[in-house]
Structures are given as C-alpha cells and as structure tokens.
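Comments concern the structure below.
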Amino acid sequence: MNKLLSVQDVQDRFVERYRHVESDLVRDIERCVCGCDYGASSWTTVDEIQLIIALLGLNEDKYMLELGAGTGWPGLKLAEQTACQALLTDLPLDGLEIAHRRAATDGLDEKVAVASASGSLLPFPTASFDAVFHSDVLCCLPEKKEVLEECRRCVAPGGCMVFPVIFPTTNLSAEDQQLVLDGGPPFGEIEQSYPDMLAQTGWEMTKQIDLTDQFTQSMALMDKKLTQYSGELDNLKGQEIAAEERCRRANAVRATVRGILRRELYRAIPA
Ligand SMILES: C[S@@+](CC[C@H](N)C(=O)[O-])C[C@H]1O[C@@H](n2cnc3c(N)ncnc32)[C@H](O)[C@@H]1O
136 MNKLLSVQDV QDRFVERYRH VESDLVRDIE RCVCGCDYGA SSWTTVDEIQ
186 LIIALLGLNE DKYMLELGAG TGWPGLKLAE QTACQALLTD LPLDGLEIAH
236 RRAATDGLDE KVAVASASGS LLPFPTASFD AVFHSDVLCC LPEKKEVLEE
286 CRRCVAPGGC MVFPVIFPTT NLSAEDQQLV LDGGPPFGEI EQSYPDMLAQ
336 TGWEMTKQID LTDQFTQSMA LMDKKLTQYS GELDNLKGQE IAAEERCRRA
386 NAVRATVRGI LRRELYRAIP A
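Quick note on our numbering: the sequence shown kicks off at 136 and runs consecutively.
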C-alpha cells in the first residue's frame, strides 16, 4: 500500500530516478515505451512531439519555457526539431545537469539553457516567453493554480501554453480512490477540472485532446518491461526501490484498465 507523499518525498523520488536514467537498460526501456532516451519520467511519446510543436507554434524565432523539465525530455527534442530558443527549468539540479550535458552532446548549447526554478514562483520577467510547456508536471505538485498563474504571467501577448497531464475521473469509490493513490501520479487528484482551472487563472482553452489510450498502452508496456527486467533493475536501483516502482506501475495499469486514470493535453492562450 502506498503512503501519502510529501512534496519533498516526490522530489527525492525524482532525484533517485535521475541517478539511473543514463544506464543502458533504463534507456532501452524508455526507447521501447516512449520512443526516446532522454530519461523521460512523463508519458509524452516521440509520436506526440509533432503535435506539440504544431500546437506551440515553435520555430527558430520563438522562446520556449519548459517547467519540470527533468533530464531534458521533451524540451531538448522540441529545441532540436524547431531550432527554438529554450529555457529548461525544474526544482532539483540533478536532472537539469543531465539535460545540460545532453544539450552539449546534441549541439544545442547555443539554443538551450537550464535553470532551477519553482513553477509556482518563476524568477522571470512578465511576458518573457512565446511558448510555455510542461509534461505531466501539474500532477506532480499540489499548487496547480499558482503554477498556471505564473505561466500566464510569463507568457507574452500572442503566446500560448501546452501541457499534458494525468488525473483521475470523478466520483470514485473508496477502492478506486486507493488505486489512484497507489498507482497514479503523486498529486494527481484535482478539486476542479483543468478547463475550469485554466479559466480561473487567466487562460482561454483552445484545445483539449484525449491521450488516455496512448497512456494506457505505455503504462502496460512499462509494466511488462519492469517485470521482464526485474532482476537487472533490482541490481541497478536496489531491490526496495525497484519493487516499489513495479508495484506502482502494476497499480497504474489496473487503474487505466478500469478507466479511472486519464491523460489529456491542453492548449491555452492568454484570455
Ligand atoms: C513527470 S516529471 C516530468 C519530467 C520531464 N519533463 C519528462 O517529461 O520526463 C515532473 C517534473 O516536475 C518537477 N516538479 C515537481 N514540482 C515542481 C515545481 N513546484 N516546480 C517545478 N518543477 C516541479 C519534478 O522535479 C519533475 O522533474
């Protein structure tokens, strides 16, 4: 059974995860599940990249801010594909250091910078970015509306924000609520829908796309790979951490199969 995680627990879990993302095995699993090898901890797949680029309107004249960039997925890929200028931010530096190295390896160091920043207190001037992106970040933090407000403040007139996010369906039984806690993202539960939150934080939603089917497939594939390589992953990550991850993913598969966890992508412009 999962315990309720604190904000610090969640950060610690990401930092622990980033310790292993450059290993061959973890990269192979990531390639198999999401089609990339940047150390993804969100569920954005390589097949979703062109859609995100189109929705963000990225090109070499645009300046993009990514929140919760982790180890660089998908911000580095967006910068590589469009030649946009990108600022990748997150709380722990551990992931950003990996992203920074990868940017240099991929010849993106002129285009990409990294900075430690909280999504709910962005240290950037008002209206400084053309595009704002975050991938499954709002379901990893409690202060969702504060983050949406900060994104609104930092986006330039004529700019936009795009983000996928995971959330549970409403009116869940106690059993299903527990399954969401055990298998869903750490702060997945919401009191209001994302369209309502967008409307209340100064945004006009222009697109809502259901990505649940792809997410369900990715979860099932991840679960399969974690089981297939359980011995190797125990050795790499330690038995306790690897077993906890297997258990969480197995619960996530149960939740997606029951249709109680969804993943949607939103595009919004300043209202
Ligand atoms: C699901 S991961 C996504 C990482 C990466 N973008 C990817 O797609 O693989 C969520 C990220 O949000 C970050 N995060 C959590 N709370 C945050 C906050 N308050 N401000 C900024 N980033 C935060 C975490 O550190 C983590 O790297």
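No residue lacks a Cβ here, since even glycine has one placed at the ideal position from N, Cα and C.
In this text the structure is predicted, and so the values were computed from the model without any measurement.
- Comparing alpha carbon positions, the residue from Val249, Asn370, Lys246 and Lys359 closest to Arg381 is Lys359.
- Counting along the chain, the unbroken alpha helix (DSSP H) around Tyr153 starts and ends at Val142 to Tyr153.
- For Leu307 and Thr391, the gap between their C-alpha atoms comes out near 13 Å.
- Here Pro321 is buried. Its C-beta has 16 or more other C-beta atoms within 10 Å.
- Within the stretch 173-202, the complete alpha helix (DSSP H) segments of 4 residues or longer fall at 184-191, listed in chain order.
- Its Cα nearest to that of Asp163, the residue Glu367 stands out among Glu367, Leu257 and Pro405.
- Look at Ala334 here: in three-state DSSP terms it is helix.
- Relative to ligand 1, the nearest heavy atom lies less than 7 Å away from the CB of Gln146.
- Excluding its 5 nearest sequence neighbours in each direction, Val181 has C-beta neighbours in its own chain below 6 Å: Gly170 and Cys171, listed in chain order.
- For Gln312, the uninterrupted alpha helix (DSSP H) segment begins and ends at Ala309 to Gly318.
- Pairing Pro405 with Gly210, the inter-Cα distance amounts to about 22 Å.
- C-alpha of Thr347 to C-alpha of Ala403: approximately 20 Å in a straight line.
- Excluding residues up to 5 positions away in sequence, Leu213, Gln216 and Thr217 lie with their Cβ nearer than 7 Å to the Cβ of Ile188 in the same chain.
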